[in-house]
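Residue numbers (UniProt numbering): 1 to 682.
Backbone N, C-alpha and C define an ideal beta-carbon position, used for all residues, glycine too.
Structure, as structure tokens:
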């Protein structure tokens with residue numbers, strides 16, 4: 001093959017691959033700029049794109065008609081090719097590393113390792129940059145060649161192979177972006193030509209490797225954006241955060257690369273179109289069949305007035321709902337519905353059976369550590385450190401929050417390190433003030449986020465945990481701090497609705513109806529808040545109807561989630577007409593083992609989850625009912641807390657049992673409630 005033929009082919013390959021790499025990078029930068037999510041990884045990708053373009057120009061000048069240039073220009077072109085090659089390859093690798101860094105939680109060990117790896121990559125880049133000069137300038141005979149090319153020798157090739165194949169973080173990157181195996185193959189070919197003095201073949205391999213490295217660095221953003229465009233036709237414009245819980249690392253270190261911001265429901269019974277007779281709409285359990293014959297219905301020209309049955313838990317699970325409690329909180333026994341109108345009222349809180357046990361006793365060592373934490377916050381002169389002296393004392397809401405169970409949650413999250421638990425508790429107390437848990441994040445503030453029902457509370461699983469549903473396809477607002485506020489507000493309401501002995505919730509995420517990809521920035525922010533300030537609050541996370549690409553995304557972020565949290569996450573759980581199960585094996589065991597069931601049908605929404613409750617979100621009715629329910633319950637728990645003693649370390653169990661027992665003795669007559677223009681009318 002002639003020199004000219006090889007040069008033409010090399011130039012053609014270089015032009016095609018460079019154009020593809022530039023298009024991919026430009027697309028990535030446009031997507032990130034439009035989403036206002038440009039970060040360090042995008043800056044490195046931009047550096048790689050510019051370097052790749054300069055590499056192509058130098059390559060074209062070097063390979064085509066080089067005879068017309070002075071010898072000094074030819075030497076300069078060779079140096080430009082070599083150095084721009086390093087710039088493309090290593091900036092692409094650093095970009096990939098920072099893409100993973102942005103997924104991690106600030107202050108974690110793994111994040112520090114990744115940043116250290118990025119610094120190491122920069123050092124190696126500088127080493128190769130310098131190595132080229134000292135090798136080529138030490139042995140300068142190559143400069144007299146018609147087509148000058150320095151013999152780099154085995155030293156450079158071995159250095160590149162060591163960094164390429166033996167770095168632990170590179171292995172992690174390859175496992176995340178499997179397509180980068182192509183760059184590894186090409187880089188090995190490039191190293192081979194360096195070994196064997198491949199001449200122009202070495203230049204060609206360098207062009208291919210540089211362009212492929214840049215393309216691979218952009219794959220994660222490009223593929224995610226293509227998928228987002230595909231599902232965007234019938235869904236809202238902004239993704240919903242994916243929420244997980246766990247334990248934050250023990251040492252909290254300020255991370256200059258962190259982008260986290262920390263400033264500034266419940267299912268109802270649905271009656272719909274009863275004139276067309278849908279008896280299944282009011283069925284709340286297998287033993288509670290409702291029909292128009294036994295409903296004692298009275299029809300008028302304006303509406304149909306029906307007696308509403310109380311939903312109940314299966315006796316096999318030991319739960320019972322209290323009629324008096326439901327009436328006390330204003331839940332109607334009779335509802336009026338007109339055609340095409342539905343009613344949504346949150347379900348009452350289940351009570352544990354009388355034989356349920358309070359929190360188990362601590363071991364001697366655990367009790368000692370607990371006493372250290374309790375005495376610290378119970379001291380008469382205690383004030384929050386590094387807080388304005390006038391506001392440093394704890395207020396009643398904060399003392400109520402510092403319950404027996406709360407102190408234990410933080411001790412467990414810090415592996416029973418009393419000093420670290422105290423530090424994290426104080427950090428959370430400050431965060432709750434700054435974030436506005438008690439005054440800024442009000443129902444009025446977050447209500448605009450709730451108009452579509454993208455998050456709602458409905459029912460309880462068989463262990464009494466409130467279920468928080470998330471529907472990404474119903475996202476209705478642009479990405480903003482208020483989205484984070486709304487998620488935290490809903491979490492606080494789920495905590496309000498936890499019964500005696502319940503400290504965790506069940507998270508239900510449904511990706512049906514062309515749900516959109518989660519925002520990594522929002523997801524990481526929420527994850528950081530929950531792992532830091534809500535440890536040990538997740539009981540179970542069920543993620544249904546997950547598309548394969550999103551499943552791959554979850555697999556990508558799984559290594560950055562607390563190991564204990566990962567065990568609680570179930571992807572695409574088995575959903576049958578009889579209820580929700582953890583696994584197929586659990587479903588098969590249902591006939592003999594009722595404990596396999598996660599939800600009773602009467603406590604599960606029908607849409608997407610095959611429960612018996614035909615839930616359709618109605619903002620006007622649902623929001624008012626949820627806010628009233630939670631305000632009533634918080635007020636009653638605060639009153640019970642004061643009666644019990646009103647001090648730090650009071651057991652949540654005792655407070656909630658007192659509220660439960662008091663509620664059972666309340667006698668309130670049932671009310672007839674009409675629905676007019678979407679509003680409950682007494």
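What residues are listed by DSSP as bridge partners for residue i?
i           : result
residue 510 : 544
residue 599 : 580
residue 605 : 613
residue 56  : Its beta-bridge partners do not exist; DSSP assigns none.
residue 527 : In the DSSP output, where bridge partners are listed per residue, residue 527 has none listed.
residue 538 : 505
residue 575 : 580
According to DSSP, is residue i helix, strand or coil?
i           : result
residue 62  : helix
residue 361 : coil
residue 466 : strand
residue 460 : strand
residue 570 : strand
residue 103 : coil
residue 649 : coil
residue 323 : Confidence is the limiting factor: at residue 323 the pLDDT is only 37, short of 50, which leaves the residue's position unreliable, though a coordinate-based value still follows. Residue 323: helix per DSSP, three-state reduction.
residue 505 : strand
residue 38  : coil
residue 349 : coil
residue 15  : helix
residue 142 : helix
residue 78  : helix
residue 92  : helix
residue 622 : helix
residue 149 : coil
residue 563 : helix
residue 416 : coil
residue 370 : helix
residue 69  : coil
residue 522 : helix
residue 25  : helix
residue 532 : helix
residue 120 : helix
residue 241 : With a pLDDT of 39 at residue 241, under the threshold of 50, the modelled position of that residue is not reliable, and no figure is offered here.
If residue i sits next to residue j, beta carbons under 8 angstroms apart, how far is it from one beta carbon to the other, in whole angstroms?
i           : j           : result
residue 467 : residue 457 : 7 angstroms
residue 529 : residue 488 : 7 angstroms
residue 571 : residue 546 : 6 angstroms
residue 736 : residue 217 : Nothing can be reported for residue 736: it is not among the residues displayed for the chain, which extend from 1 to 682.
residue 53  : residue 22  : 6 angstroms
residue 552 : residue 569 : Wrong, their Cβ atoms sit about 15 angstroms apart, outside the cutoff.
residue 526 : residue 495 : With a Cβ gap of about 16 angstroms, residue 526 and residue 495 do not count as contacting.
residue 410 : residue 394 : Contact flag wrong, Cβ pair sits at about 16 angstroms.
residue 413 : residue 369 : With 8 angstroms as the limit, residue 413 and residue 369 do not qualify as a contact, their Cβ atoms being about 13 angstroms apart.
residue 512 : residue 473 : 7 angstroms
residue 599 : residue 504 : Wrong, their Cβ atoms sit about 15 angstroms apart, outside the cutoff.
residue 507 : residue 538 : 6 angstroms
residue 687 : residue 627 : As displayed, the chain neither begins before 1 nor continues past 682, which places residue 687 out of reach and without an answer.
Between residue i and chain C, is any beta-carbon pair separated by less than 8 angstroms?
i           : result
residue 569 : No chain C is present in this structure, which holds just one protein chain.
Checklist entry - Can you list, in chain order, the stretches of the alpha helix (DSSP H) that have 4 or more residues and sit fully within the region 378-414? => result If we require 4 residues or more, the alpha helix (DSSP H) runs fully inside the region 378-414 come out as 396-401, 404-413.
Item to check | Contact between the region 393-412 and the region 638-655 (3+ Cβ pairs under 8 angstroms) | outcome: Touching, yes, given that three or more Cβ pairs across the two stretches are closer than 8 angstroms.
Item to check | beta strand (DSSP E) runs contained entirely in the region 419-503, provided each spans 3 or more residues | outcome: 455-460, 466-470
Checklist entry - Using 8 angstroms as the Cβ pair cut-off and three pairs as the minimum, do the region 109-124 and the region 139-148 touch? => result no
Item to check | contact_flag[the region 76-89, the region 109-120] where n(CB pairs < 8 angstroms) is 3 or more | outcome: no
Next on the checklist: For the region 439-446 against the region 422-431, do three or more pairs of beta-carbon atoms, one drawn from each stretch, fall closer than 8 angstroms, so that the two count as touching?
Outcome noted: no
Next on the checklist: Does the structure place the region 631-643 close enough to the region 471-480 that three or more beta carbon pairs sit under 8 angstroms?
Outcome noted: no
Next on the checklist: With three or more beta-carbon pairs closer than 8 angstroms as the criterion, would you say the region 85-103 touches the region 35-51?
Outcome noted: Judged by pairs of C-beta atoms under 8 angstroms, the region 85-103 touches the region 35-51, as three or more such pairs exist.
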